[in-house]
Ligand code: 13P
Ligand code: 13P
Ligand code: MG
Ligand code: MG
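In our numbering, the protein residues as written are 138 to 503.
So, in structure tokens, the structure goes:
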């Protein structure tokens with residue numbers, strides 16, 4: 138066993154209440170009970186169970202490292218138990234994200250989203266867990282770039298000698314199944330070329346140049362695993378803050394601009410990512426607009442002191458207002474692009490079936 142601690146955030150939608158808008162309290166209770174027993178057995182140091190929209194979020198610390206089979210099994214069993222309760226209540230889409238019948242060693246590729254990192258706890262260890270609903274993992278590219286590479290967002294890149302060297306970005310090509318690491322500021326334009334295409338290229342981890350891990354995101358794409366549309370991925374992101382990493386306020390600052398992400402209704406529309414307090418994380422209008430919450434913790438000897446609800450602040454009111462205005466504007470497009478996603482993104486939904494049905498009626502152009 139390592140003296141380092143591992144922070145694991147594993148999430149799944151195992152049933153919505155009502156529809157896809159929120160989660161039933163019973164599912165949170167089932168998860169707390171399961172993880173509490175694991176803590177008593179010594180498998181976990183500590184845990185926190187929460188949710189954003191209809192997504193159940195297991196936030197855990199332990200000493201077993203990332204990709205640990207027992208921890209992944211624990212998360213899987215917890216989701217299975219919560220699914221049973223969801224089925225009993227006939228909640229919507231019970232077991233939605235559990236794409237496999239049985240656990241097979243690593244929860245990645247089985248439906249749930251996973252973000253993990255292992256590190257030696259600093260003298261003070263502030264972390265933020267960002268959790269989103271009604272969107273996909275590419276949603277983190279824009280804020281991660283701004284936090285770790287943009288001096289107009291992060292003052293520390295200019296004025297803090299421990300950040301001045303910049304950061305390294307590990308980017309995954311989710312279609313090509315490859316990764317590349319690019320270094321900023323030197324390779325900033327190369328990085329932007331990739332991560333601007335956020336459906337395909339996703340920032341998975343960010344490192345300081347001395348190798349210290351700073352951020353880790355879930356990059357699992359449900360549609361690529363299932364081969365069809367089964368709900369959005371609703372990703373999570375861990376960011377360590379302060380002392381050579383972005384200050385808490387620098388990590389939150391990108392969300393003051395509600396950038397456009399894919400997701401929203403039926404996972405098939407573009408909309409603004411609205412930063413909300415925990416109690417407003419219930420996407421209702423057209424099943425959205427997409428939401429993000431930020432849970433701040435001080436990690437103390439592996440234990441969670443927190444959470445602080447970091448978007449519960451009037452300084453994010455304007456971002457919420459702009460999100461509503463953008464929502465009105467985009468919604469007015471109805472089924473037209475670019476509100477609705479392009480055809481490539483709808484490849485797993487109605488388009489192939491419709492094409493098949495109407496095939497005979499297509500005539501050569503005169
Ligand atoms: P304090 O002086 O409140 O510690 O703040 C320092 C800082 O880095 C704020 O971003
Ligand atoms: P979720 O991915 O949050 O389950 O949303 C699915 C959906 O179809 C919303 O309209
Ligand atoms: Mg759902
Ligand atoms: Mg969801």
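Ideal Cβ placement from N, Cα and C applies to all residues, glycine included.
Check: Is residue 153 near ligand 3, with its Cβ less than 7 Å from a heavy atom?
Finding: yes
Notebook entry, point to check: Taking the Cβ atom as the reference point for each residue, do residue 412 and residue 354 lie within a distance shorter than 8 Å?
Noted result: no
Margin query: Rounded to the nearest angstrom, what separates residue 248 and residue 313 at their Cα positions?
Written below: 19 Å
Note to self: Quick check on the contact list: which residues have their beta carbon closer than 6 Å to a heavy atom of ligand 1?
What the structure shows: 384 and 386
Checklist line | Option nearest residue 160 by Cα separation, candidates 441, 431 and 193 | finding: 193
Check: Which first and last residues belong to the beta strand (DSSP E) in which residue 374 is found?
Finding: 373-377
Margin query: On the CB-based measure, 16 or more other CB atoms within 10 Å of its CB, does residue 491 come out buried or exposed?
Written below: exposed
Item checked: residue 266 to residue 405 span [Cα, whole Å] -> 26 Å
Check: Rounded to the nearest angstrom, how far is the Cβ of residue 270 from that of residue 420, given a contact under 8 Å?
Finding: 6 Å
Next item on the list: Mind reading off the beta-carbon distance from residue 158 to residue 424? Whole number of angstroms is fine, and I expect it under 8 Å.
Entry: 7 Å
Check: Any heavy atom of ligand 3 within a distance shorter than 7 Å of the CB on residue 150?
Finding: yes
Next item on the list: Could you name the residues of the same chain whose beta carbon sits closer than 7 Å to that of residue 483, not counting the 5 residues immediately before and after it, in chain order?
Entry: 405
Note to self: At a threshold of 7 Å, does residue 358 count as lining ligand 2 (C-beta to nearest heavy atom)?
What the structure shows: no
Notebook entry, point to check: Is residue 406 near ligand 5, with its Cβ less than 7 Å from a heavy atom?
Noted result: You won't find ligand 5 in this model; what it holds is ligand 1, ligand 2, ligand 3 and ligand 4.
Check: Exposed or buried, what is residue 296 when buried is set at 16 or more other beta-carbons lying within 10 Å of its beta-carbon?
Finding: exposed
Check: Taking the DSSP output, what are the residues bridged to residue 229?
Finding: 153
Margin query: Across the segment 300-310 and the segment 328-338, are there enough close Cβ pairs to call them in contact, namely three or more that are closer than 8 Å?
Written below: yes
Check: Among residues of its own chain, excluding the 5 on either side of residue 463, which ones have a beta-carbon nearer than 7 Å to its beta-carbon?
Finding: 395 and 409
Margin query: Rounded to whole angstroms, what is the Cα-Cα separation between residue 177 and residue 207?
Written below: 15 Å
Next item on the list: Go through the segment 158-228 residue by residue and report every complete run of the alpha helix (DSSP H) that reaches 4 residues or more, in order.
Entry: 162-177 and 206-225
Notebook entry, point to check: Taking buried to mean at least 16 other C-beta atoms within 10 Å of its own C-beta, is residue 199 buried or exposed?
Noted result: buried
Margin query: Cutting at 8 Å between CB atoms, please list the residues of its own chain near residue 442, excluding the five before and the five after it.
Written below: 434, 435 and 436
Next item on the list: Return the first residue and the last residue of the alpha helix (DSSP H) that residue 455 is part of.
Entry: 454-468
Checklist line | Backbone CA spacing between residue 303 and residue 385 [nearest angstrom] | finding: 17 Å
Next item on the list: Return the chain-ordered ranges of every alpha helix (DSSP H) run that is complete within the segment 393-442 and spans a minimum of 4 residues.
Entry: none
Checklist line | the segment 282-289 contacting the segment 312-331, beta-carbon criterion three pairs below 8 Å | finding: yes
Margin query: Assuming residue 283 is part of the alpha helix (DSSP H), what are its boundary residues?
Written below: 278-286
Check: Sorted by chain position, which residues of the same chain lie with C-beta nearer than 6 Å to residue 187's C-beta, five sequence neighbours on each side aside?
Finding: 194
Notebook entry, point to check: residue 393 to residue 452, Cα distance in whole Å?
Noted result: 8 Å
Margin query: With three or more C-beta pairs closer than 8 Å as the rule, is the segment 355-374 touching the segment 143-150?
Written below: yes
Item checked: Cα-Cα separation, residue 162 to residue 471 -> 34 Å
Check: Cβ of residue 512 within 8 Å of Cβ of residue 181?
Finding: Outside the displayed range of the chain (138 to 503) lies residue 512, so it cannot be described from this structure.
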